[in-house]
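First comes the structure, then the notes that go with it.
Residue numbers (UniProt numbering): 1 to 154.
Written as structure tokens, this is what we have:
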């Protein structure tokens, strides 16, 4: 007998609990996602996830990448959903921010590919990781700039 948890979802003949940690980046990994563009991307991604009945458990938009913890229905493949999400969101982004066509050209805002990892019992760990990612990136940026400082000159 299979035990049901509070995280389980169901369709007429299917029960699932599929969570995925997904990371994707803008083309050329440009640090360009801030201000109005950042707010618009957040709203666009929420809207597109709602259309497909995909639950956003946790998400964070960084300057040069996006982390999302998603609960995707079993009837949708992860790669199919990501093709939809990146394709439609790019069109919507270029519709709202026409000046970006000069930087990205040809309506391709996102880089090809994405990272995906299944999430099991460690959901809280992944949620915390996504929430604290900005702090971690700042620490890494500070470390990388200090690596090039001559330790003998101060």
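Glycine is no exception: its CB is placed at the ideal position from the N, C-alpha and C atoms.
The structure displayed is predicted, hence computed values, not measured ones.
By the criterion of a C-beta distance shorter than 6 Å, residue 85 is surrounded in its chain by 48, once the five residues flanking it on both sides are discounted.
Residue 139 sits exposed, since fewer than 16 C-beta atoms from the chains shown fall within 10 Å of its C-beta. Judged by DSSP in its simplified three-state form, residue 74 adopts coil rather than helix or strand. Collapsing the DSSP output to three states places residue 54 in coil.
92 is the residue among 92, 121, 106, 101 whose C-alpha sits nearest the C-alpha of residue 42. About 6 Å separates the beta carbon of residue 108 from that of residue 27, a gap short enough to meet the 8 Å contact definition. The alpha carbon of residue 37 has as its nearest neighbour, out of 80, 125, 66, the alpha carbon of 66.
Residue pairing of residue 68 in beta bridges, as defined by DSSP: 22, 59. With a cutoff of 8 Å on beta-carbon distance, residue 94 and residue 54 are scored as not near each other.
Under the three-state reduction of DSSP, residue 14 is assigned to coil, being neither helix nor strand. Contact check for residue 62 and residue 127: beta-carbon distance about 16 Å, past the 8 Å limit, so the pair fails to qualify. In the structure shown, residue 115 falls within a strand segment according to DSSP collapsed to helix, strand and coil. If the five residues before and after residue 21 are omitted, its C-beta is found closer than 6 Å to the C-beta atoms of 69, 117, 119, 126, all from its own chain and listed in chain order. Looking from the CA of residue 16, the closest CA among 104, 74, 40 belongs to 74. Of all alpha-carbon atoms in 101, 106, 89, 132, the one lying nearest the alpha-carbon of residue 25 is that of 89.
Residue 136 and residue 129 have their C-alpha atoms roughly 9 Å apart.
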